[in-house]
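Structure record follows, encoded as structure tokens.
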Amino acid sequence: MNSKNEIQQNSPSSRKLESIKRDNMGNFTVLMVFLYFISLFVSLQFFQIIDLGLYEFFRLNLLFIGISFLIPIYLYRKKLSISFYEYTLINILSIGPFLCTLCLIFNFIFSGNSYVENYTIVEKKREGSNVVLTLEGNHYSDKEYLRTISDFESAGSIGGAKQLHIQFSDGLFGIRIIEEKRLNN
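Sequential numbering from 50 applies to the sequence shown in our numbering.
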């Protein structure tokens with residue numbers, strides 16, 4: 050008799066029908082991939098004009114990836130059938146870099162007044178199509194990207210140049226923007 054009751058309890062007619070959730074992540078995933086590439090392109094463009102080294106830029110991205118994890122998963126699950134794995138990937142690859150890009154855009158748009166710093170050139174060293182300058186008093190010795198002038202930027206005036214003029218402006222979030230690098234005689 051026991052086995053008969055077990056069979057009746059496990060029969061398809063006695064079980065409740067569970068609703069199958071349809072996967073609705075397709076369009077959202079496409080949007081996140083698009084957001085990733087846009088953020089990557091814009092961030093790389095801003096990286097060339099901000100006064101941050103690669104390590105500081107990487108740390109800034111990690112900060113915003115951490116901030117993206119403050120958005121709880123249940124907010125996504127209200128509309129999407131998202132797994133924790135997808136939540137992690139979306140935050141690391143899309144939401145975090147997008148927030149970092151927004152920070153860089155606002156930093157650039159709401160920048161302060163420009164100011165110029167002048168330095169005397171002590172030595173010039175050619176490295177490929179660039180010239181790395183050594184400045185008097187070893188200014189910016191740890192920031193080679195500020196002392197590097199490409200052939201395109203110099204327009205042939207590297208030979209007789211005696212001074213480097215760098216024009217900065219302070220951004221909204223304190224990240225300096227390199228507006229112009231110019232060589233003068």
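Ideal placement from N, C-alpha and C gives every residue a C-beta, glycine not left out.
Cβ-Cβ separation between Met74 and Ser130: approximately 6 Å, consistent with a contact (criterion under 8 Å). The segment 110–129 and the segment 168–182 do not touch, with fewer than 3 CB-CB distances between them shorter than 8 Å. The three-state secondary structure of Ile131, taken from DSSP, is coil. In this structure, Gly145 sits away from Ile99, with a CB-CB distance that is not shorter than 9 Å. Within its own chain, the residues whose Cβ lies closer than 7 Å to the Cβ of Glu135, once the five positions on either side in sequence are excluded, are Met74, listed in chain order. Along the segment 93–139, the alpha helix (DSSP H) occurs as fully enclosed runs of 4 or more residues at 103–117, 122–126 and 133–139, listed in sequence order. The three-state secondary structure of Phe217, taken from DSSP, is strand.
Take Leu221, set aside five residues on each side of it, and the residues of its chain with a beta-carbon closer than 8 Å to its own are Phe155, Asn156, Ile158, Phe159 and Ser160, in chain order.
DSSP places Leu232 inside the beta strand (DSSP E), whose first and last residues are Arg225 to Asn233.
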